[in-house]
Every structure is written in structure tokens, then in C-alpha cells.
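**Q**
Number of protein chains: 2
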Amino acid sequence: MPQPPSESSPLLPAEPAIERPWDVKSPIQPDSSSISSSVSSGMDLTDVLRDVIIGFSDGLTVPFALTAGLSSLGSTKLVIMGGLAELFSGMISMGLGAYLAAVTERDHYNSEEQRELNQVDCCLPQELRDDVFCILEKYSVSREAAAPLVEELCKNREQWIRFRMDFSLRLEKPNIHRAWISGVTMGLSYLVGGLIPMIPYFAMDKVADALFVSIAVTVVILLGFGYVKNYVAIRNHRAGLWGAIQTLVIGVLAAGTSYVLVKALDRTDV
Amino acid sequence: MPQPPSESSPLLPAEPAIERPWDVKSPIQPDSSSISSSVSSGMDLTDVLRDVIIGFSDGLTVPFALTAGLSSLGSTKLVIMGGLAELFSGMISMGLGAYLAAVTERDHYNSEEQRELNQVDCCLPQELRDDVFCILEKYSVSREAAAPLVEELCKNREQWIRFRMDFSLRLEKPNIHRAWISGVTMGLSYLVGGLIPMIPYFAMDKVADALFVSIAVTVVILLGFGYVKNYVAIRNHRAGLWGAIQTLVIGVLAAGTSYVLVKALDRTDV
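Protein chains in written order, with the UniProt record's numbering: chain A, 1 to 270; chain B, 1 to 270.
Written as C-alpha cells, this is what we have:
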């Protein structure tokens with residue numbers, strides 16, 4: 001039975017990141033009918049797009065819901081104050097959170113790599129071999145068939161570590177320059193997403209009219225965004241439509257709850 | 001040069017998930033000095049803990065910041081209304097978002113697996129072999145050394161696909177029962193995290209006093225939570241202290257911005 005994790009063995013591999021959905025990278029396959037020509041590295045565009053989607057998605061939902069709720073109190077100024085306060089808090093929480101998560105992920109990768117390096121130096125050759133055998137056995141590969149590969153891999157210290165990081169620890173080397181790009185991208189996407197439902201409140205005097213326009217604009221954008229988001233991920237129109245419905249349902253549920261809640265609380269003595 | 005992704009080749013592997021940081025699972029190593037005894041599967045506890053941390057972290061920051069900002073307007077009732085509206089919107093956005101992301105991730109995995117199955121059936125044996133060679137070449141393994149393993153792996157259709165899913169696509173089979181657990185866990189953690197800074201406003205009449213107590217309580221919890229969060233992830237006290245500072249800085253920055261913003265807007269004519 002495994003003992004509890006020691007000081008040097010993490011229970012969890014890295015800091016909670018709001019932005020790790022696509023670390024498991026998808027190959028961009030030049031031609032899906034040809035397996036051997038597949039490329040297994042993700043694009044930079046993928047990372048940026050991922051951050052934009054996460055930030056925009058949350059930004060569009062929560063500030064929209066909050067402003068819809070506050071609008072029931074009848075003051076445009078209050079809606080703008082509450083909305084902007086939420087918008088900037090959310091942007092900071094999301095942007096800085098993503099930045100720090102990326103930094104911690106990098107630190108975690110480096111410390112794991114260092115730990116592997118130390119282990120390689122103090123392990124017996126047979127232990128190194130057994131470790132690779134262990135990984136390959138999961139794919140029902142016999143020791144006999146794996147032996148030449150294991151022998152060659154164990155002669156190359158760096159490659160043995162890379163193999164283990166990839167196959168056993170399943171850690172991918174994070175791009176060190178991406179931490180701040182990720183934070184800025186996600187924070188700004190949250191800001192842009194959250195500003196959209198608020199524009200009517202800036203432009204219109206009557207709060208009921210502004211709410212109406214805000215709902216109309218946000219519904220259209222939620223549908224379009226949900227479609228594009230899923231279409232980009234799964235590349236078929238059915239998934240896109242499903243994404244549009246999902247995004248809309250979340251937005252409407254959140255805004256509806258917020259509106260009813262504020263309206264109900266306003267009538268009672270809290 | 002890779003062509004643009006086709007209808008069946010996703011640009012991004014799955015829906016944006018706010019909850020994917022630890023899909024790249026860490027082994028719980030019974031003894032960090034013994035490589036060969038390492039176990040490479042994560043625990044269920046890890047997944048739940050991850051969802052709790054993400055939900056609690058965001059819940060503690062944004063509702064705290066918003067209520068601090070609204071408190072500058074002087075009305076406890078307004079703080080409670082705005083805070084609860086944000087809390088429930090955020091909970092819905094986060095919980096449902098996590099649930100749907102997990103569902104999409106599962107669908108994505110299944111569709112990729114099906115695509116691999118179809119490819120295996122229509123590929124020449126040499127193409128299957130070349131694909132495995134291609135993966136192993138990245139670790140500087142010669143074709144000669146890899147040949148027996150490749151031969152054996154290509155005889156077993158299921159194992160070839162698993163190998164490719166793991167090593168080339170780097171996709172991990174999602175637990176199908178986890179989608180709703182993940183959504184509920186994250187949503188409730190957001191709710192609990194966000195309720196903590198609001199309790200003083202429920203209990204106290206004077207909004208300035210409530211703000212003071214709210215800040216004190218939240219600062220303590222941000223520090224403790226930041227420490228535990230990083231300690232659990234990296235298993236050393238320095239990382240824990242660093243986590244405590246990070247979490248506090250994000251919370252204070254968000255709340256400070258929110259407070260100053262609302263105060264400034266309140267003085268001007270919007």
C-alpha cells in the first residue's frame with residue numbers, strides 16, 4: 001500500500017490553474033487519413049485561443065448576470081458601479097490566477113525533472129530498466145520485445161528522464177514565456193466579455209431599456225460564442241449548436257437567478 | 001506544413017474547462033528513492049481536492065472584492081443583494097461550466113478513440129509501425145532497438161490505440177462518473193468560499209464594522225488557504241508560504257480595486 005506522500009512527493013502535481021484544459025495537446029493532423037504524418041505538438045494559437053475562450057466565457061456570464069440582477073433595483077448608476085467592481089475583481093482574480101498557476105506549473109515541472117535527475121544518478125541500472133519495463137507492460141508488451149529498446153533508452157540519461165516525464169508522470173514541459181501572456185490574455189478576455197453586457201447601461205438612461213438591450217446583445221453573443229467555441233474544439237456543426245445551447249443556458253440561468261434573488265431580497269427586510 | 005484542421009480534426013481538443021489542472025496526474029510514490037515502485041495512477045481524492053481548491057479560491061476572491069467595493073456605498077442590504085447575486089451567478093457559471101466541460105472532454109476522448117479505431121482498420125501494417133517508430137524516435141531510440149516492441153504492439157489493436165492515445169495524442173481517459181461530481185463540488189466550493197466574507201454583513205448592522213470584520217476574516221482564510229493549497233501541491237513549507245502570499249495579494253488587489261472604483265464612481269455623475 002502506498003504510504004502517505006512525503007515532503008518531496010506531491011499529492012497534487014501543481015497549483016490549481018483555471019487555465020489547464022488544453023495542456024493535453026491535440027495533434028494538428030495534416031490529413032486525418034494518414035496516421036504516420038501526424039504532428040503531435042500543439043500550436044501557440046491553441047494556447048492563446050484557449051485563454052481567450054476561458055476568460056471571455058466567464059466574463060460574459062457573471063458580469064451579465066450580476067448587472068441583470070442589480071438592474072431590478074432601478075438605478076443605472078448602481079448597475080455600473082457593481083458591474084465594474086465585479087469586472088475588475090474578476091479580471092484580477094482570473095488574470096493573476098492564471099499567471100501564477102502557469103509559474104507554479106513551470107516550477108513543478110522543473111522540480112520533478114530535478115528529482116528524476118537525482119534519482120537516475122543514485123539508481124542501479126536494473127532499477128532504471130525495471131521502470132521502463134513497468135511503463136511498457138501496461139500496453140501488454142512482453143519483456144523480451146521491450147528489452148532492446150529499454151537497453152538503449154537506459155544508456156541515455158536525458159532521454160530516459162524525458163521518457164519517464166512523458167509516459168509515467170505525464171507531465172508536459174511548460175513554455176516558460178507563456179505565463180504572463182496567459183495571464184494578460186485571460187484577464188483582458190474577461191474584461192472584454194464582461195464589458196459587452198454593460199455597454200447598454202453606459203449608453204441608456206432608463207435602466208429597464210438598458211436591461212432589455214443588454215439581454216438581447218448578450219444572448220446573441222452567448223449563442224455565437226458557444227457555437228464557435230465548440231466548433232473550434234470538435235469541428236462539427238452539431239457540436240457547435242450544442243455548445244451554443246449550453247452557453248446560453250448557463251448565461252440565462254445565472255442571470256435569471258441573480259435577477260429573482262435581488263428582486264426578492266429588495267422586497268424583504270434583510 | 002500542416003494544413004488547416006479539417007472537419008474531423010479538432011483545432012482544440014475539448015471545451016474550455018475551468019477544472020483541468022491535474023488531469024496530468026502525479027504518481028503517488030510510496031518511496032521517492034525507489035523509482036521502480038512508483039505507482040502512476042492518481043487518486044480520486046486528488047480530483048475532488050482540485051475542484052474544491054479551484055472553486056474555493058475564486059469564490060473567496062471575487063465575492064469578497066465585490067462586497068468590499070459595494071460596502072463603500074454604506075448600505076448593508078445592498079452589499080448582501082449584490083454579493084448574493086454574484087455568488088449564485090458565479091456558482092452556476094462555475095459548476096455548470098465544469099460539468100459541461102467534463103462531459104465534452106469525455107465526448108472528445110471517445111470520438112478520438114473511435115477515430116483511431118477506424119484508422120487502425122484502414123491502415124497498412126507498415127503505417128501503424130511507422131507511427132510507433134515516430135513516437136519512439138523522439139526519445140532517440142533507434143529503429144533496430146524499437147523493432148521487436150513495435151512488432152508486438154502492432155499485433156494488438158487495442159493496445160496500439162491506447163499507446164497512441166497516451167503517447168502521441170496525450171489524452172487520458174476521463175472518468176465518466178466524474179462530470180456531475182466535479183460540477184457540484186466546484187459550485188459548492190465557490191458558494192462556501194464566497195459566503196465566508198459575507199457573513200459579517202449578515203450579522204452586523206453597521207456596514208463599516210462588517211467590512212472590517214470581513215477583511216480580517218478573509219485575510220486569515222486567504223493566507224491559510226494559500227498555504228495549504230501550495231503545500232498540498234508541492235509538499236514544502238517555502239512553497240506554502242509563497243502560496244499564502246500570492247493568494248493574499250490577489251485577494252487584496254481585487255478588493256482594493258473594487259473599493260476604490262465604487263468609491264470614485266459614487267462621487268461622480270455616471
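Just so you know, even glycine gets a beta-carbon here, dropped at the ideal spot from N, CA and C.
Residues of the stretch 70 to 97 of chain B with a CB closer than 7 Å to any CB of chain D: list them in chain order, please.
**A** The chain inventory of the structure shown lacks chain D, comprising the protein chains A and B.
**Q** So A/PRO125 is in the alpha helix (DSSP H); what residue range does that whole segment cover?
**A** 125 to 137 is the span of the alpha helix (DSSP H), which, as asked, contains A/PRO125.
**Q** When you compare only the Cα positions, how much space is there between A/ASN118 and B/VAL232?
**A** 22 Å
**Q** Are the beta-carbon atoms of A/SER214 and A/THR67 separated by less than 8 Å?
**A** It is a contact, given that the beta carbons lie within the stated cut-off.
**Q** Any Cβ of chain B within less than 8 Å of the Cβ of A/ILE234?
**A** yes
**Q** Are the beta-carbon atoms of A/GLY240 and A/GLY183 separated by less than 8 Å?
**A** no
**Q** Buried or exposed: B/ARG267, going by 16 or more other Cβ atoms within 10 Å of its Cβ?
**A** exposed
**Q** Tell me whether B/LYS229 sits in a helix, a strand or coil according to DSSP, three-state version.
**A** helix
**Q** Can you tell me whether B/SER168 is buried or exposed, with buried defined as 16 or more other CB within 10 angstroms of its CB?
**A** buried
**Q** Tell me the DSSP secondary structure of A/ASP23 in three-state form.
**A** Unreliable positioning characterises A/ASP23 in this predicted model, as indicated by a pLDDT of 33, which lies under 50. A coordinate reading is not provided.
**Q** For the alpha helix (DSSP H) that B/ASP166 lies in, which residues bound it at each end?
**A** 157 to 167
**Q** May I have the straight-line CA-CA distance separating A/ARG235 from B/GLU116, to the nearest angstrom?
**A** When rounded, the distance between both Cα atoms is 16 Å.
**Q** Assuming A/ALA254 and A/VAL103 form a contact by the criterion Cβ under 8 Å, report the distance between their Cβ atoms to the nearest whole angstrom.
**A** No, A/ALA254 and A/VAL103 are not in contact; Cβ-Cβ is about 31 Å, not under 8 Å.
**Q** Below 7 Å between beta carbons is the criterion; list the residues of the stretch 210 to 221 of chain B that meet it against any residue of chain A, in chain order.
**A** If the cut-off is 7 Å between Cβ atoms, the stretch 210 to 221 of chain B has nothing near chain A.
**Q** What are the boundary residues of the alpha helix (DSSP H) that includes B/VAL184?
**A** Counting along the chain, the alpha helix (DSSP H) containing B/VAL184 begins and ends at 178 to 195.
**Q** So, is A/VAL220 buried or exposed, given that buried needs 16 or more other C-beta atoms within 10 angstroms?
**A** exposed
**Q** Quick one: is B/ASP266 near chain A, going by C-beta distance under 8 Å?
**A** yes
**Q** Roughly how many angstroms separate the alpha carbons of B/LYS155 and A/CYS134, rounded to a whole number?
**A** 20 Å
**Q** Once DSSP output is grouped into helix, strand and coil, what is the label at A/GLY251?
**A** helix
**Q** Quick one: Cα of A/THR46 to Cα of B/ALA210, how far?
**A** 45 Å
**Q** Tell me, please, whether the CB atom of B/GLN114 is closer than 8 Å to any CB atom in chain A?
**A** no
**Q** Name, please, each residue of chain A whose Cβ falls closer than 8 Å to the Cβ of B/PRO148.
**A** GLU144, ALA145, ALA146, ALA147, PRO148 and LEU149
**Q** In chain B, which residues lie less than 8 Å from A/ILE250 when you measure between Cβ atoms?
**A** ILE92, SER93, LEU96, GLY97 and LEU100
**Q** Check whether the stretch 186 to 200 of chain B touches the stretch 47 to 56 of chain B, taking contact to mean three or more Cβ pairs, one atom from each stretch, closer than 8 Å.
**A** yes
**Q** Report the neighbours of B/ARG162 on chain A: residues whose CB is nearer than 7 Å to its CB, in chain order.
**A** TYR139
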